[in-house]
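Report on one structure; see the data block that follows.
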Amino acid sequence: MSDSFAGTYYDGLIGRAHAATLRRVGSAHYTLAGDGVERSGSIASLRVTPRLGRIARTIEFGDGARLLLAHDAPIDAWFPRAGRVEALVDRLERHAYAIAIAVFVCATALMVGAFWGVPKAADAVAFRIPPEAERSLGDEVLDQLDRFGLRETTLDEDRRAALAARFDALAGGNAHPYRLEFRSAPGVGANAFAIPGGTVVVTDQLVAALDDDREFDAVVAHEIGHQRRRHAIRQTLRGSAVAIVAAFFAGDVSSAGAIVVAVPTFLLTSHYSREFEDEADHYAFELLSAHEESPHWFAEAMRRLEAAHPAHRRGFSSYVSTHPDTMQRIEEADEAATAFASAHPELCPNGVCPGEEADEDDDSDCEDCDDGDEAAAAPPARLDCAKDEKE
Amino acid sequence: MDDLTAVEATSPPPPPAWQTVPQHVGPARTEHRFEFTGDAREYFRIWVVNLALGIVTLGIFSAWAKVRSERYFHGNTRVAGDPFEYLAKPWPILKGRLIAVALFAVYILAAQLSWKLQVGTALLIAVATPWLIVRGCAFRARYSAWRGINFRFEPNYGRAYVVYLLLGIPVVLSLGLMYPYVKAIQKKFFVEHHRYGGVPFAFRATAGQFYPPYLIAWGVTVAIVFALSFMLGMLAVLVAGTSGDAPPEWFMYAYLVPFYGSYFAVWAFLAAALANLAWNHTDLGPHGFRSTLKGKTLLWIYVGNTVAILVSAGFMIPWAKIRLARYRAENLVLLAAGELDDFRAESRADVDATAAEMDGLFDIDIGL
Chain A
27 MSDSFAGTYY
37 DGLIGRAHAA
47 TLRRVGSAHY
57 TLAGDGVERS
67 GSIASLRVTP
77 RLGRIARTIE
87 FGDGARLLLA
97 HDAPIDAWFP
107 RAGRVEALVD
117 RLERHAYAIA
127 IAVFVCATAL
137 MVGAFWGVPK
147 AADAVAFRIP
157 PEAERSLGDE
167 VLDQLDRFGL
177 RETTLDEDRR
187 AALAARFDAL
197 AGGNAHPYRL
207 EFRSAPGVGA
217 NAFAIPGGTV
227 VVTDQLVAAL
237 DDDREFDAVV
247 AHEIGHQRRR
257 HAIRQTLRGS
267 AVAIVAAFFA
277 GDVSSAGAIV
287 VAVPTFLLTS
297 HYSREFEDEA
307 DHYAFELLSA
317 HEESPHWFAE
327 AMRRLEAAHP
337 AHRRGFSSYV
347 STHPDTMQRI
357 EEADEAATAF
367 ASAHPELCPN
377 GVCPGEEADE
387 DDDSDCEDCD
397 DGDEAAAAPP
407 ARLDCAKDEK
417 E
Chain B
19 MDDLTAVEAT
29 SPPPPPAWQT
39 VPQHVGPART
49 EHRFEFTGDA
59 REYFRIWVVN
69 LALGIVTLGI
79 FSAWAKVRSE
89 RYFHGNTRVA
99 GDPFEYLAKP
109 WPILKGRLIA
119 VALFAVYILA
129 AQLSWKLQVG
139 TALLIAVATP
149 WLIVRGCAFR
159 ARYSAWRGIN
169 FRFEPNYGRA
179 YVVYLLLGIP
189 VVLSLGLMYP
199 YVKAIQKKFF
209 VEHHRYGGVP
219 FAFRATAGQF
229 YPPYLIAWGV
239 TVAIVFALSF
249 MLGMLAVLVA
259 GTSGDAPPEW
269 FMYAYLVPFY
279 GSYFAVWAFL
289 AAALANLAWN
299 HTDLGPHGFR
309 STLKGKTLLW
319 IYVGNTVAIL
329 VSAGFMIPWA
339 KIRLARYRAE
349 NLVLLAAGEL
359 DDFRAESRAD
369 VDATAAEMDG
379 LFDIDIGL
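Quick note, the sequences are listed as chains A and B, same order.
According to the working numbering, the first sequence holds residues 27 to 417 in order.
According to the working numbering, the second sequence holds residues 19 to 386 in order.
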């Protein structure tokens, strides 16, 4: 055990450095002596700062005076009971295996947190919030949309009533909590939104773009899926959670902070959003099947909407798109349709079941019958038929 | 204000203040350059171990991690041969963090339920902001020391409300034209309420000196937006003009990427100019400072840091922090007029950690 340490002493009253040496006297006392300094006392009255990197260790004398020692001064033997937690942390920080484990823990936490923890935690909160609580927010959202961009529908009343009846049938009869709204949206085009609180907005342009009412069923089934699975609030909560965590990480990276936080937040929320689209698609397949309609109509609706959005071509944006690749969605719908066909042989061919004949049949019925081919040749990057509206 | 005019009267005609020229007043001063002795590898070990412990303890350890990190940066920053010290204890920081997280959760939930509730919460936070800034400064200053003497921030809440809240009104009414003026007032408040031991800091920059950097930054931003819009408009006509189709989607990126890029660049130059302006007009008793940050270098550091952090999924954060701290320290000089040994301490006052933590979470900039 070393019992004398040379360091720099400050009396805490004047900012003047004194070279001084701290010595141990007996087992419980010290003396400090140096240029113009002289003091002594019990070791129990001293405090020492934990070791950290190569910064100075500081002995605090209790009256504001301090002695700065070299980082590797073996002073800890004087204070066997002090700062054991931080002494352990310091040892870990100098240990290669501990570093490796720490890197592993952080990387794992990052992955698990992003793809499991955040969604799980946010969903747990989201499902505790009553849907009514979202309603006023949803009304405000619709209000905003009406003010900027959406116009009154031009569909005639009979047509609306017919579509509303189909919507009600899918949503679960008379008592369901959802509401269907029609709007004209020349700017947005063929589209449908699920608004927080249970409202589904369908544009006139969507109704015009679809060829068969069963395609309409497929689109609103997807939107009902968004509503029933509470996607709007879940997405908002997940996004907020990611933003908070990212802000904690980048909090003191200062300055570059905004971009450093924004990019991963954006990528991750896009990932969640794709997950929700996928979930809504599968919900739609099940809902259609339960109403004895083939998911084939979902694929059909996708193809029509794709043709209605000619400006969107595959490009950079498909990698960051909030919607899964359209071709993939159509493929999945076709698969679901095949499963439906084998489960319901009695409905075919009346229900226009999938399979080669159905597709051929469909092609021959269609006047500009190039939509299927075009979709295969140059599939567009995204399809906005089911965009969530949150803000 | 009297000594300010006196100083200017004896000085030669001042060069543009936003340039990095120090003001020499009085006799020759001894230059003490700030040093930074932190090391990216060493700090990486500390950072990653503390982060992992924070994760394993569900955030509880983060207060200890914060103290270790602050101690590392303070302890590795030296001037005139002596290191700074960070003296805060983890417990008050942990308490502050818990309160801050609770408040933030309320804010998020409020946003979900109704925008009125959210606006209400936001207003509440706005009203609390000056108080938070004062408490945050006070905490940070109180627990920073050099040569055994603590810094201190004199809490003047009334003035803080005028400077950080009420002066927002003329900024809005003047469509932002008053912004540099208000920034100058805020900086003056921030600097002049700090003291080292018994000696208060003084701030000599005038509001007028804050205008040139902002005007240049605004002018350059407007010019860039104009040029970009013009070039992309031309390009759009070339690409899509004949077909009449909507422009392809990459157009949005062709606009946004250079726009944000140049915004980032302008911002880095502005940050360097403002930091130089503030330090070069800050005095501590008879001593002064000289800051020589370069916009170009700062931008290079920011770009490198951002890319490194994104590419490494965050594992280069320690490297980025060390790099920035080193550049900042190495471009700051203490201009000592005579002896540095004569600083005296004054009596102490305890400050709650809550505000310092809230500032960190809500990202309120209180840095000099």
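For every residue, glycine included, the Cβ atom is placed at its ideal position computed from N, Cα and C.
(message) If the criterion is Cβ atoms closer than 8 Å, does the pair Gly-251 of chain A and Tyr-204 of chain A meet it?
(response) The residue labelled residue 251 of chain A in the question sits at position 225 within the first sequence. The residue labelled residue 204 of chain A in the question sits at position 178 within the first sequence. No, Cβ-Cβ distance for Gly-251 of chain A and Tyr-204 of chain A is not below 8 Å.
(message) Taking beta-carbon pairs under 9 Å, can you tell me which members of the segment 89 to 101 of chain B lie near chain A?
(response) Correct list: Arg-89, Tyr-90, His-92, Gly-93, Asn-94, Gly-99, Asp-100, Pro-101.
(message) Taking the beta carbon of Ala-338 of chain B as the centre, do at least 16 other beta carbons fall within 10 Å, making it buried, or is it exposed?
(response) Indexing the second sequence from 1 puts residue 338 of chain B at position 320. When all chains shown are included, Ala-338 of chain B counts as buried.
(message) Which residues in chain A have a C-beta closer than 9 Å to the C-beta of Glu-60 of chain B? List them in chain order.
(response) As a position in the second sequence, residue 60 of chain B is number 42, starting the count at 1. Result: Gly-79, Arg-80, Glu-119.
(message) I want to see whether chain A comes within less than 8 Å of Phe-361 of chain B, judged by CB atoms only; does it?
(response) Taking the first residue of the second sequence as 1, we reach residue 361 of chain B at position 343. Interface with chain A (8 Å Cβ-Cβ cutoff): Phe-361 of chain B is included.
(message) Taking beta-carbon pairs under 7 Å, can you tell me which members of the segment 308 to 332 of chain B lie near chain A?
(response) Those residues of the segment 308 to 332 of chain B that come within reach of chain A (Cβ to Cβ, closer than 7 Å) are Tyr-320, Asn-323, Thr-324, Ile-327, Leu-328, Ala-331, Gly-332.
(request) Give the single residue among A:Tyr-35, A:His-317, A:His-121 whose Cα lies nearest to the Cα of Asp-61 of chain A. (result) Translated into positions along the first sequence, residue 61 of chain A becomes position 35. Closest by alpha carbon: A:Tyr-35.
(request) For the segment 292 to 333 of chain B, list the beta strand (DSSP E) runs that are entirely contained and at least 3 residues long, ordered along the chain. (result) Here the runs fully enclosed are 300 to 302, 305 to 309.
(message) With a threshold of 8 Å between beta carbons, is Val-67 of chain B in contact with chain A?
(response) Numbered from 1 along the second sequence, position 49 holds the residue referred to as residue 67 of chain B. Using a Cβ-Cβ cut-off of 8 Å, Val-67 of chain B counts as an interface residue toward chain A, since at least one Cβ of chain A sits closer than that to its own.
(request) Go through its chain and collect everything with a Cβ distance to Phe-79 of chain B's Cβ below 6 Å, but skip five positions before and after it. (result) For this step, residue 79 of chain B is matched to residue 61 along the second sequence. Within the same chain, and ignoring the five residues on either side of Phe-79 of chain B in sequence, the residues whose Cβ sits closer than 6 Å to its Cβ are Leu-71, Gly-72.
(message) According to DSSP, is Arg-346 of chain B part of a helix, a strand, or is it coil?
(response) Working through the second sequence from its first residue, we reach residue 346 of chain B at position 328. Of the three classes helix, strand and coil, the one that applies to Arg-346 of chain B here is helix, per DSSP.
(request) Could you tell me the boundaries of the beta strand (DSSP E) in which Asn-68 of chain B lies? (result) The count along the second sequence starts at 1 and reaches residue 68 of chain B at position 50. Premise fails: Asn-68 of chain B lies in the alpha helix (DSSP H), 58 to 74, not in any beta strand (DSSP E).
(request) Taking only the alpha-carbon atoms, compute the straight-line gap between Asp-100 of chain B and Trp-164 of chain B and give it to the nearest angstrom. (result) If you number the second sequence from 1, residue 100 of chain B lands on position 82. If you number the second sequence from 1, residue 164 of chain B lands on position 146. The straight-line gap from Cα to Cα measures roughly 7 Å.
(message) Less than 8 Å between CB atoms is the rule here; does Leu-150 of chain B satisfy it with respect to chain A?
(response) Along the second sequence, read from residue 1 onward, the residue named residue 150 of chain B stands at position 132. Chain A has no Cβ within less than 8 Å of the Cβ of Leu-150 of chain B.
(message) Does the CB of Tyr-345 of chain A have a neighbour CB from chain B at under 8 Å?
(response) In the first sequence, the residue the question calls residue 345 of chain A occupies position 319. Confidence at Tyr-345 of chain A is low in this model, with a pLDDT of 40, below 50, so its placement is unreliable and the value that follows should be read with caution. No, Tyr-345 of chain A does not count as interfacial toward chain B.
(message) Using only the alpha-carbon positions, how far apart do Arg-158 of chain B and Thr-95 of chain B sit?
(response) As a first step, residue 158 of chain B is located in the second sequence; it is residue number 140 there, counting from the start. As a first step, residue 95 of chain B is located in the second sequence; it is residue number 77 there, counting from the start. Rounded to whole angstroms, Arg-158 of chain B to Thr-95 of chain B spans 16 Å at the Cα level.
(message) Less than 8 Å between the C-beta atoms of Ala-220 of chain A and Ala-269 of chain A, yes or no?
(response) Taking the first sequence and counting its residues from 1, the one referred to as residue 220 of chain A is at position 194. Taking the first sequence and counting its residues from 1, the one referred to as residue 269 of chain A is at position 243. In this structure, Ala-220 of chain A sits away from Ala-269 of chain A, with a CB-CB distance that is not shorter than 8 Å.
(message) Using DSSP's beta-bridge definition, name the partner residues of Arg-96 of chain B.
(response) Here residue 96 of chain B refers to the residue found at position 78 of the second sequence. Looking at the DSSP assignment, Arg-96 of chain B forms a beta bridge with B:Glu-53, B:Pro-101.
(message) Am I right that Leu-358 of chain B and Glu-49 of chain B are in contact with their C-beta atoms under 8 Å? What's the rounded C-beta distance?
(response) Residue mapping note: residue 358 of chain B aligns to position 340 of the second sequence, counting from 1. Residue mapping note: residue 49 of chain B aligns to position 31 of the second sequence, counting from 1. The beta-carbon separation of Leu-358 of chain B and Glu-49 of chain B, rounded to 12 Å, does not stay under the 8 Å limit for a contact.
(message) Strictly below 7 Å CB to CB, what residues from chain A border Val-145 of chain B?
(response) Along the second sequence, one-based indexing puts residue 145 of chain B at 127. For Val-145 of chain B, there are no neighbours in chain A by C-beta distance under 7 Å, as the nearest C-beta there is about 22 Å away.
(request) Please list, in chain order, all residues of the same chain as Ala-81 of chain B whose beta carbon is under 8 Å from its beta carbon, the five residues on each side excluded. (result) Translated into positions along the second sequence, residue 81 of chain B becomes position 63. Taken in chain order, the residues that qualify are Pro-108, Trp-109, Ile-111, Leu-112, Arg-115.
(message) Let me make sure I understand the geometry here. Which of B:Ser-309, B:Ile-335, B:Arg-308 has the alpha-carbon closest to that of Tyr-320 of chain B?
(response) Within the second sequence, residue 320 of chain B is the residue found at index 302, counting from 1. Each of B:Ser-309, B:Ile-335, B:Arg-308 was checked against the Cα of Tyr-320 of chain B, and the nearest Cα belongs to B:Ile-335.
(request) To the nearest angstrom, report how far apart Leu-135 of chain B and Leu-274 of chain B are at their CA atoms. (result) Here residue 135 of chain B corresponds to residue number 117 of the second sequence, with the count starting at 1. Here residue 274 of chain B corresponds to residue number 256 of the second sequence, with the count starting at 1. Roughly 33 Å separates the two Cα atoms.
(request) Given a cut-off of 8 Å, decide if Ala-223 of chain B and Pro-304 of chain B are closer than it, judged by their beta-carbon atoms. (result) Indexing the second sequence from 1 puts residue 304 of chain B at position 286. Indexing the second sequence from 1 puts residue 223 of chain B at position 205. In this structure, Pro-304 of chain B keeps its C-beta atom at 8 Å or more from the C-beta atom of Ala-223 of chain B.
(request) List the DSSP bridge partners of Val-63 of chain A. (result) The sequence position of residue 63 of chain A within the first sequence is 37, counting from 1. In the DSSP output, where bridge partners are listed per residue, Val-63 of chain A has A:Gly-60.
(request) Excluding the 5 residues preceding and the 5 following Asp-89 of chain A in the sequence, name in chain order all residues of the same chain whose CB lies nearer than 7 Å to its CB. (result) Counting from 1 along the first sequence, the entry for residue 89 of chain A is found at position 63. Cβ contact annotation for Asp-89 of chain A (same chain, cutoff 7 Å, sequence separation greater than five): Gly-38, in chain order.
(message) Distance check for Arg-213 of chain B and Phe-171 of chain B, CA to CA, integer angstroms please.
(response) Sequence index remark: in the second sequence, residue 171 of chain B carries index 153 (1-based). Sequence index remark: in the second sequence, residue 213 of chain B carries index 195 (1-based). Put simply, the backbone Cα of Phe-171 of chain B is about 6 Å away from that of Arg-213 of chain B.
(message) Just to confirm, is the Cβ distance from Glu-249 of chain A to Trp-323 of chain A under 8 Å?
(response) If you number the first sequence from 1, residue 249 of chain A lands on position 223. If you number the first sequence from 1, residue 323 of chain A lands on position 297. Taking 8 Å as the Cβ cut-off, Glu-249 of chain A and Trp-323 of chain A do not qualify as a contacting pair.
(request) Please specify which runs of the alpha helix (DSSP H), each continuous and at least 4 residues long, are wholly inside the segment 151 to 218 of chain B, giving them in chain order. (result) Counting only unbroken stretches of 4 or more residues, the alpha helix (DSSP H) elements lying wholly within the segment 151 to 218 of chain B are 175 to 179, 186 to 191, 197 to 210, in sequence order.
(request) Output the boundary residues of the beta strand (DSSP E) element that contains Thr-47 of chain A. (result) As a first step, residue 47 of chain A must be located in the first sequence, where it is residue number 21. Run containing Thr-47 of chain A: 44 to 51, per the beta strand (DSSP E) assignment.
(request) Ignore the nearest five residues each way along the sequence and tell me which others in Leu-342 of chain B's own chain have a CB closer than 7 Å to its CB. (result) Position 324 of the second sequence, counted from the start, is the residue given in the question as residue 342 of chain B. Cβ within range, chain order: Ile-319, Asn-323.
(request) Alpha carbon to alpha carbon, how far is Thr-310 of chain B from Thr-55 of chain B? Give it in angstroms, no decimals. (result) One-based indexing of the second sequence puts residue 55 of chain B at position 37. One-based indexing of the second sequence puts residue 310 of chain B at position 292. It is roughly 19 Å from the alpha-carbon of Thr-55 of chain B to the alpha-carbon of Thr-310 of chain B.
(request) Mind checking the segment 77 to 107 of chain A against chain B and listing, in chain order, the residues whose C-beta falls within less than 8 Å of any C-beta there? (result) Those would be Leu-78, Gly-79, Arg-80, Ile-81, Ala-82, Thr-84, Gly-90, Ala-91, Arg-92, Leu-94, in chain order.
(message) Among the candidates B:Arg-344, B:Ser-330, B:Leu-350, whose CA atom is the shortest distance from the CA of Val-129 of chain A?
(response) Along the first sequence, one-based indexing puts residue 129 of chain A at 103. Of the candidates B:Arg-344, B:Ser-330, B:Leu-350, the one whose C-alpha sits nearest the C-alpha of Val-129 of chain A is B:Ser-330.
(request) Flag Ala-17 of chain A as yes if its beta-carbon sits less than 8 Å from any beta-carbon of chain B, otherwise no. (result) Since the first and last residues shown for chain A are 27 and 417, residue 17 of chain A lies out of range.
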